[in-house]
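Residue numbers (this note's numbering): 286 to 654.
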């Protein structure tokens, strides 16, 4: 607008290009295994219904390179627009983790293409934060030389919205233009505290910051709901599958459980180094909050291997649980989740079920990193 253009912005699913528009800039995030964000699931249908104009289009993707489907939805959009006959202004560009520097470079390229000066700067829009004070930490050396810590913060008197286990805690590390990092919650508001489990990522600004906290220190944080992953109030049985720090939200589900059967399959490397929530899980099993605890360890002799191998060994029990209506929640790395999905597909084939079918019926959800 400062450069003299008339500008209109809207959500992607409301695609409509006026006949006199000269340029269209499509900013597209990617979710999960390359899907559109929830609000934009019908965006391609909306684009297909509108006539092509003479406007030139540039697509800018946002994502995270650690995921195989980095900016995949943006790629799908660009290909669809090309097939429909839209003219391209710029090749597809991709922004990693909301990088202000990469966005600035894209702005410079855009300015050169348009032949005019543009000052495009990015400042993340961060929800209102609350100060959370650390009250306890539990340290683990980690099974692969990457230490982890369970951090428990006091629940503030006001400011932090209500939350349940499986929602996300957004933490804003100190520094200019800091981008929030999200951690799955191992507690709910009813527990009276805020708890997360954080693995130290080499070179990770936020994990390094969190690992340096001591009781009494505070962080700025906010809640991001995670409705597709959290558990509803149903009394159907639950099959929980996780590895490493991915056990955190699953532990939160168990901690808040009072009535429904829950079965946890939990993979770690070494019980002496990275069995997060180990004592708590045993206590919850004794209290009846956890019906079955199945741990397996990949880095010790006769430890049982990976969590998907534990599922296969216990295939008949797993098959019966799912066939009888169990809800499935999986949390951990993407590689682990792929192995788990393959194991479950093999286990469930004899009863005519699959992971895809469970997802469509909203009985299977993943929280992956």
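No residue lacks a Cβ here, since even glycine has one placed at the ideal position from N, Cα and C.
Since we're looking at a predicted model, the values are computed, not measured.
**Request:** Kindly list the residues whose CB is nearer than 7 angstroms to the CB of residue 438, restricted to its own chain and excluding five residues on each side of it in sequence; keep chain order.
**Result:** The answer, listed in chain order, is 417, 418, 419, 420, 478, 479.
**Prompt:** Looking at the C-beta of residue 411, does it have a partner C-beta in chain C at a distance below 8 angstroms?
**Reply:** Here chain C cannot be found, since the structure has a single protein chain.
**Item:** Reduced DSSP secondary structure (H/G/I, E/B, other) of residue 505
**Value:** DSSP places residue 505 in strand when its eight states are reduced to three.
**Item:** Ordered list of alpha helix (DSSP H) runs contained in the region 317-374, each at least 4 residues
**Value:** As far as the region 317-374 is concerned, its whole alpha helix (DSSP H) runs of at least 4 residues are 328-334, 357-369.
**Message:** What does the Cβ neighbour count give for residue 557, buried or exposed, with the cut at 16 atoms within 10 Å?
**Reply:** Exposed, since its Cβ has fewer than 16 Cβ neighbours within 10 Å.
**Prompt:** Who are the near neighbours of residue 423 in its chain, counting only those whose CB is closer than 6 angstroms to its CB and skipping five residues on each side?
**Reply:** Excluding positions up to five away in sequence, the list reads 435.
**Prompt:** Straight-line CA distance for residue 594 to residue 579?
**Reply:** C-alpha separation (whole angstroms): 11 angstroms.
**Message:** Given this structure, state the Cα-to-Cα distance separating residue 630 from residue 372, to the nearest angstrom.
**Reply:** For residue 630 and residue 372, the distance between alpha carbons rounds to 43 angstroms.
**Request:** Could you please give the first and the last residue of the uninterrupted alpha helix (DSSP H) stretch that includes residue 607?
**Result:** Note, residue 607: alpha helix (DSSP H), 600-608.
**Item:** Sub-8 angstroms separation of residue 414 and residue 449 beta-carbons
**Value:** For the 8 angstroms CB-CB criterion, residue 414 and residue 449 do not form a contact.
**Prompt:** Would you call the CB atoms of residue 727 and residue 343 closer than 8 angstroms?
**Reply:** Look at the range of the chain in this structure, 286 to 654, and you will see that residue 727 is not part of it.
**Message:** Please return the same chain residues whose Cβ sits closer than 8 angstroms to the Cβ of residue 543, not counting the five positions on each side in sequence.
**Reply:** Around residue 543: 574.
**Asked** Could you give the C-beta distance for residue 553 and residue 428, rounded to a whole number, given that I count them as a contact under 8 angstroms?
**Response** Right, their Cβ atoms sit about 6 angstroms apart.
**Whole-angstrom distance between residue 549 and residue 355, CA atom to CA atom** = Taking the straight line from one Cα to the other gives about 31 angstroms.
**At least 3 beta-carbon pairs within less than 8 angstroms: the region 593-608 vs the region 631-647** = Cβ pair count under 8 angstroms is three or more, so yes.
**Message:** Could you pull the DSSP bridge partners for residue 311 from this structure?
**Reply:** In the DSSP output, where bridge partners are listed per residue, residue 311 has 344.
**C-alpha gap between residue 377 and residue 361, whole angstroms** = Going by the C-alpha atoms only, they are around 11 angstroms apart.
**Message:** If I measure Cβ to Cβ from residue 306 and keep anything under 6 angstroms in the same chain, skipping five residues before and after, which residues do I get?
**Reply:** Answer for residue 306: 340, listed in chain order.
**Request:** To the nearest angstrom, report how far apart residue 431 and residue 289 are at their CA atoms.
**Result:** Rounded to whole angstroms, residue 431 to residue 289 spans 52 angstroms at the Cα level.
**Request:** Evaluate contact between the region 494-504 and the region 515-533, counting only Cβ atoms and requiring at least three cross-stretch pairs below 8 angstroms.
**Result:** Contact fails: fewer than three Cβ-Cβ distances are below 8 angstroms.
**Prompt:** Is it true that the CB of residue 315 sits closer than 8 angstroms to the CB of residue 359?
**Reply:** In this structure, residue 315 lies closer than 8 angstroms to residue 359 by Cβ.
**Item:** Start-end ranges of the alpha helix (DSSP H) lying completely within the region 414-497, minimum 4 residues
**Value:** Runs of the alpha helix (DSSP H) lying entirely within the region 414-497, each at least 4 residues long, are 490-496 in chain order.
**Local Cβ density within 10 Å of residue 286, reported as buried at 16 or more and exposed below that** = Answer is exposed; the Cβ neighbour count stays below 16.
**Request:** Under the assumption that residue 559 contacts residue 433 (Cβ atoms under 8 angstroms), give the Cβ distance between them as a whole number of angstroms.
**Result:** About 7 angstroms separates the beta carbon of residue 559 from that of residue 433, a gap short enough to meet the 8 angstroms contact definition.
**Message:** According to DSSP, residue 650 sits in a beta bridge with which residue or residues?
**Reply:** Bridge partners of residue 650: 614.
**Inter-residue spacing [alpha-carbon to alpha-carbon] between residue 368 and residue 330** = Their backbone Cα atoms lie some 14 angstroms apart in a straight line.
**Asked** With distances taken from CA atoms, which of 526, 612, 565 is nearest residue 591?
**Response** Of all alpha-carbon atoms in 526, 612, 565, the one lying nearest the alpha-carbon of residue 591 is that of 526.
**Prompt:** The beta strand (DSSP E) spanning residue 632 covers which residue range?
**Reply:** No beta strand (DSSP E) holds residue 632; the alpha helix (DSSP H) holding it covers 619-633.
**Prompt:** Helix, strand or coil: how does DSSP classify residue 580 here?
**Reply:** In the three-state DSSP reduction, residue 580 falls in the strand class (E or B).
**Request:** Quickly, what does DSSP pair residue 547 with across the bridge? List them, please.
**Result:** In the DSSP output, where bridge partners are listed per residue, residue 547 has 523.
**Request:** Run the CB neighbour count on residue 626, radius 10 Å, all protein chains shown included, and call it buried at 16 or more, exposed below.
**Result:** It is buried - the Cβ of residue 626 has at least 16 other Cβ atoms within 10 Å.
**Item:** CB of residue 621 within 8 angstroms of CB of residue 528, strictly
**Value:** Yes.
**Asked** Closest by CA to residue 563, which one among 348, 582, 375?
**Response** Out of 348, 582, 375, 582 has the C-alpha closest to the C-alpha of residue 563.
**Prompt:** Residues bridged to residue 528 by DSSP?
**Reply:** Beta bridge pairing from DSSP links residue 528 with 552.
**Request:** Given a cut-off of 8 angstroms, decide if residue 374 and residue 388 are closer than it, judged by their beta-carbon atoms.
**Result:** No.
**Request:** Tell me whether residue 636 is buried or exposed, calling it buried when 16 or more other Cβ atoms sit within 10 Å of its Cβ.
**Result:** By the Cβ-count criterion, residue 636 is exposed, with fewer than 16 other Cβ atoms from all chains shown falling within 10 Å of its own Cβ.
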